[in-house]
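> Before we start, here is the structure in question, set down as structure tokens.
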Amino acid sequence: MQRLGSVLISYTLPIGLSLSGAALTPLCSLFIFGRPDMGFGDVFLTALMSAIMAAAVFYYTGSQLLREFGLPSDTTMRELHKFMTGR
Numbered sequence: 050m051q052r053l054g055s056v057l058i059s060y061t062l063p064i065g066l067s068l069s070g071a072a073l074t075p076l077c078s079l080f081i082f083g084r085p086d087m088g089f090g091d092v093f094l095t096a097l098m099s100a101i102m103a104a105a106v107f108y109y110t111g112s113q114l115l116r117e118f119g120l121p122s123d124t125t126m127r128e129l130h131k132f133m134t135g136r
């Protein structure tokens, strides 16, 4: 588990946020919008559309955070954490 955590926090902030959002959002959207009579195609399209939308929103949010704090665009998630905690 330690290797996976170090890989995820080594991404730049916008990419790390978009990967996290794209991974978790389809599960939530299927839980909310899923119906018992949905076929595989409906499930796949619902998950795909929500993952794409989440990735775009989280990427934009990460870009805006970097711009707002005046940090360079290649700031990693670990560096942002250090910046926010003042270490």
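Each residue of the sequence shown is one higher than the one before, starting from 50 at the first, in my numbering. Positions of the beta carbon are idealized from the N, C-alpha and C atoms, including for glycine.
(1) From which residue to which residue does the alpha helix (DSSP H) around Met87 run?
(2) Let me confirm a value: Leu94 is counted as buried when at least 16 other C-beta atoms fall within 10 Å, else exposed. Which label applies?
(3) How is Thr110 classed by DSSP in three states: helix, strand or coil?
(4) At the level of alpha carbons, what is the spacing between Val106 and Pro63?
(5) Figure out for me which residue from Leu79, Tyr60 and Thr134 has the closest Cα to the Cα of Ala100.
On the basis of the supplied data:
(1) Counting along the chain, Met87 falls outside any alpha helix (DSSP H), and DSSP gives it neither H nor E.
(2) Result: exposed.
(3) It is helical.
(4) C-alpha separation (whole angstroms): 10 Å.
(5) Among Leu79, Tyr60 and Thr134, the Cα nearest to that of Ala100 belongs to Leu79.
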